[in-house]
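So the sequence lines, in the order shown, correspond to chains A and B.
Residue 32 in my numbering sits at position 32 of the first sequence, and the numbers go up by one each step.
Add 96 to a position in the second sequence, counting from 1, and you land on the number used in my numbering.
All C-beta atoms in this analysis are idealised placements derived from N, C-alpha and C, irrespective of residue type, glycine included.
Remarks on the structure that follows.
There are 2 protein chains.
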Amino acid sequence: MTEKKTSGDDNTVFVGRKDLMSYVLAVVTQFNEGGVDEVVIKARGRAISRAVDAAEISRQRFLPDVSVKDVQLGTEQIEGEKGPVRVSSMEITLGR
Amino acid sequence: MTEKKTSGDDNTVFVGRKDLMSYVLAVVTQFNEGGVDEVVIKARGRAISRAVDAAEISRQRFLPDVSVKDVQLGTEQIEGEKGPVRVSSMEITLGR
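Now the structure itself:
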């Protein structure tokens, strides 16, 4: 185990500022090689739009048997430069 | 009826490039003065993040009895400068 994980949850993909297709690849890999039937895509703030793009492209282009099972919206408090800031968050559950 | 609507659906708010709080105001006004129990917030592309912000702020700050009833993700084809482009879309249904 030399590989770094961004989370303890193997079937979770956190969407941030990287290229869109790197998240699509992460989602598709989880389904095809991770032995899971569900992948949760999480994002906060402006990355939320990219998370939706990643879910839609993964599903339509690479995973025809996968659909959106659930979408949860929320608000999280994070530490900004000038103190705590509230940002919107989203979790998209894709499943077979 | 001199007022212009952006849609035939009275209880729909389309989120675009305007200031976030103008969409929050539109949602809150629909619930408080529009005589509706459900408001649908729609957005495409990068405006999706703003739509989630508008839903979360409306709900948490102004409409304590309202919750997220449904979130639908999709892909739409729009006419870009260089031909048709596919963009992600989202519909958030808020309800009492």
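Which residues in chain A sit within 8 Å of residue i, going by Cβ to Cβ distance?
| i | result |
| --- | --- |
| residue 186 of chain B | 52 |
| residue 156 of chain B | 75 |
Go to residue i, then tell me how far its beta strand (DSSP E) extends in each direction, as first and last residue.
| i | result |
| --- | --- |
| residue 161 of chain B | Unbroken run through residue 161 of chain B: none, as it is neither H nor E. |
| residue 183 of chain B | 179-191 |
| residue 39 of chain A | 38-44 |
| residue 109 of chain B | 108-110 |
Taking buried to mean at least 16 other C-beta atoms within 10 Å of its own C-beta, is residue i buried or exposed?
| i | result |
| --- | --- |
| residue 118 of chain B | exposed |
| residue 78 of chain B | Missing from the structure shown is residue 78 of chain B; chain B here goes from 97 to 192 and no further. |
| residue 114 of chain B | exposed |
| residue 103 of chain B | Caution applies to residue 103 of chain B, whose pLDDT of 45 falls short of 50 and renders its modelled position unreliable; the model cannot decide the point. |
| residue 10 of chain A | exposed |
| residue 174 of chain B | exposed |
| residue 157 of chain B | exposed |
| residue 145 of chain B | buried |
| residue 53 of chain A | buried |
| residue 42 of chain A | buried |
| residue 185 of chain B | buried |
| residue 126 of chain B | buried |
Can you name the residues of chain B whose CB is closer than 9 Å to the CB of residue i?
| i | result |
| --- | --- |
| residue 68 of chain A | 167, 168, 169 |
If you measure between the beta carbons of residue i and residue j, is that distance less than 7 Å?
| i | j | result |
| --- | --- | --- |
| residue 143 of chain B | residue 111 of chain B | yes |
| residue 44 of chain A | residue 87 of chain A | yes |
| residue 40 of chain A | residue 93 of chain A | yes |
| residue 57 of chain A | residue 24 of chain A | yes |
| residue 66 of chain A | residue 169 of chain B | no |
Terminal residues of the continuous alpha helix (DSSP H) containing residue i?
| i | result |
| --- | --- |
| residue 120 of chain B | 116-129 |
| residue 148 of chain B | 143-153 |
Chain B partners of residue i, CB-CB under 7 Å?
| i | result |
| --- | --- |
| residue 46 of chain A | 145 |
| residue 56 of chain A | 169, 171, 184 |
Give me the chain A residues within the contact set of residue i, using Cβ-Cβ distance strictly less than 7 Å, ordered along the chain.
| i | result |
| --- | --- |
| residue 122 of chain B | Simply none; closest approach about 17 Å. |
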